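The opening position of the sequence shown corresponds to residue 1430 in our numbering, with each subsequent residue numbered one higher.
Heads up, the beta-carbon is just placed ideally off N, CA and C, and yes, glycines get one too.
Note that the structure is predicted; figures quoted are calculated from it, not measured.
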Amino acid sequence: MTVYNDILSAKAAKKRLLAILIDPDKFDVNLISQFVNKISESIITHIFVGGSTVEVEVTQKLVSALKPLTKLPIVLFPGDVTQISKDADAILFLSLISGRNPKYLIEKQIEAVSILKQTNLEVIPTGYILIENGKKTAVQRVTNTLPIPTALQSLVADTAKAGELLGKKLIYLEAGSGALFPVPLDMISFVNQDLKIPLIVGGGIRTIQQLGDAYMAGADLVVIGTAFENNIDFFNELKR
């Protein structure tokens, strides 16, 4: 079964999915065995790898080290074409549909094609929507785009639906790394009402309560990154 079909099946079965996001530039590869052991003892279902700014070859080294240690799907969440690793299982082929910078709507994607042709990666077209979170994020700085204000729920919902109608297989609502607050629950619920494809939510989720609330609001897959970077003991709250 492909990574995407697995997500679809989980959505149909109302199974909650949880991804840990590992930023290669912030991760100590020497601690990888210990880290993977904690992942395997938790309810985490996917490993996402990527960051807004990552040095060349760092992603490949991390994925190559991860692959022999886990059976969980390793999914690339790239900030740039330099973050493509042939050893991963899949790649979120992101289009920043909340912004209007052509570089991140289509130009980077075109640049990636020649690299992807040399891999067996499962490519999952994903509409990426940046949501206001109380501070300027790395994504905002790198892409030179503005997040959609939380007050404009209809715009977020219409943007998500437009992504679906354009053929995206996933919609990703992102508050950003280190967000001061996560995507509002009423926004998740509002967006999910008219969406037929799986909804991913990430950014600013730091507690079990926030995680559960995101699921209840309609998130099919939640992504957590900073919470683990700041407190590795957070794994203890996610044990099976």
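Query raised in the report: Which two residues bound the contiguous alpha helix (DSSP H) that contains G1596?
Result: Premise fails: G1596 is in no alpha helix (DSSP H) and is neither H nor E.
Query raised in the report: Would the region 1563-1573 and the region 1615-1627 be scored as touching if the rule is three or more Cβ pairs under 8 Å?
Result: With a cut-off of 8 Å on Cβ pairs, the region 1563-1573 is not in contact with the region 1615-1627, counting fewer than three such pairs.
**Report entry** Backbone CA spacing between I1472 and Y1433 [nearest angstrom]
**Finding:** Straight-line Cα distance between these residues: approximately 19 Å.
Query raised in the report: Once you ignore the five residues that flank L1643 on each side, which residues in its own chain have a CB closer than 8 Å to its CB?
Result: Contrary to the premise, residue 1643 reads as Ala rather than Leu in this sequence. Excluding positions up to five away in sequence, the list reads P1611, V1612, L1614, I1617, V1630, I1634, V1651.
Query raised in the report: Roughly how many angstroms separate the alpha carbons of T1482 and G1556, rounded to a whole number?
Result: G1556 has its alpha-carbon roughly 20 Å from the corresponding atom of T1482.
Query raised in the report: DSSP state of K1625, grouped into three classes?
Result: Coil at K1625, not helix or strand.
Report task. Along the beta strand (DSSP E) that carries F1522, what are the first and last residues, could you check? Result -> Residues 1519-1525.
**Report entry** K1598 to Q1638 span [Cα, whole Å]
**Finding:** K1598 and Q1638: Cα-Cα distance of roughly 28 Å.
Report task. Would you decide whether S1583 is buried or exposed? Buried here means 16 or more other CB atoms lie within 10 Å of its CB. Result -> Flag for S1583 reads exposed.
Query raised in the report: Are the beta-carbon atoms of L1405 and Q1569 separated by less than 8 Å?
Result: Absent from the model: residue 1405. The displayed extent of the chain is 1430 to 1669, so no value can be given.
**Report entry** Through-space distance from G1479 to F1506, alpha-carbon basis
**Finding:** Taking the straight line joining both Cα atoms gives about 5 Å.
Query raised in the report: Does DSSP classify I1661 as helix, strand or coil?
Result: Reduced to three states, the DSSP call for I1661 is helix.
Query raised in the report: From E1603 to D1516, what does the alpha carbon distance come to, in whole angstroms?
Result: Taking C-alpha positions only, E1603 is separated from D1516 by approximately 25 Å.
Requested in this report: Classify K1668 as helix, strand or coil using the three-state DSSP reduction.
Outcome: Three-state result, K1668: strand.
Query raised in the report: Does the region 1660-1667 come within contact of the region 1455-1472, defined as at least 3 CB pairs closer than 8 Å?
Result: The answer is yes - the region 1455-1472 touches the region 1660-1667, with three or more Cβ pairs under 8 Å.
**Report entry** Backbone secondary structure at G1556 - three-state DSSP
**Finding:** In the three-state DSSP reduction, G1556 falls in the strand class (E or B).
Query raised in the report: Who are the Cβ neighbours of F1619 in its own chain at under 6 Å, not counting the five residues just before and after it?
Result: For F1619, the CB contacts under 6 Å within the same chain, skipping 5 residues up- and downstream, are Q1582, A1586 in chain order.
Report task. Output the boundary residues of the alpha helix (DSSP H) element that contains A1439. Result -> It spans 1432-1441 - the alpha helix (DSSP H) in which A1439 sits, taken as one unbroken run.
Requested in this report: Could you spell out the range, first to last residue, of the alpha helix (DSSP H) harbouring F1506?
Outcome: Unbroken run through F1506: none, as it is neither H nor E.
Query raised in the report: Based on the DSSP output, what are the partners of G1631 in its beta bridges?
Result: Per DSSP, E1603, V1652.
Query raised in the report: Buried or exposed: P1578, going by 16 or more other Cβ atoms within 10 Å of its Cβ?
Result: With fewer than 16 neighbouring CB atoms inside 10 Å of its own CB, P1578 falls in the exposed class.
Query raised in the report: Given that a residue counts as buried once 16 or more other Cβ atoms are within 10 Å of its Cβ, and exposed if not, what is V1492?
Result: In the assembly as shown, V1492 is a buried residue. Its beta-carbon has 16 or more other beta-carbons within 10 Å.
Query raised in the report: Does the Cβ of I1600 have 16 or more other Cβ atoms within 10 Å, making it buried, or fewer, making it exposed?
Result: It counts as buried.
Query - Element boundaries [beta strand (DSSP E), containing F1684] - result: This structure gives no information on residue 1684, because the portion of the chain shown stretches from 1430 to 1669.
Query raised in the report: Can you tell me where the beta strand (DSSP E) with I1449 in it begins and where it stops?
Result: It spans 1446-1451 - the beta strand (DSSP E) in which I1449 sits, taken as one unbroken run.
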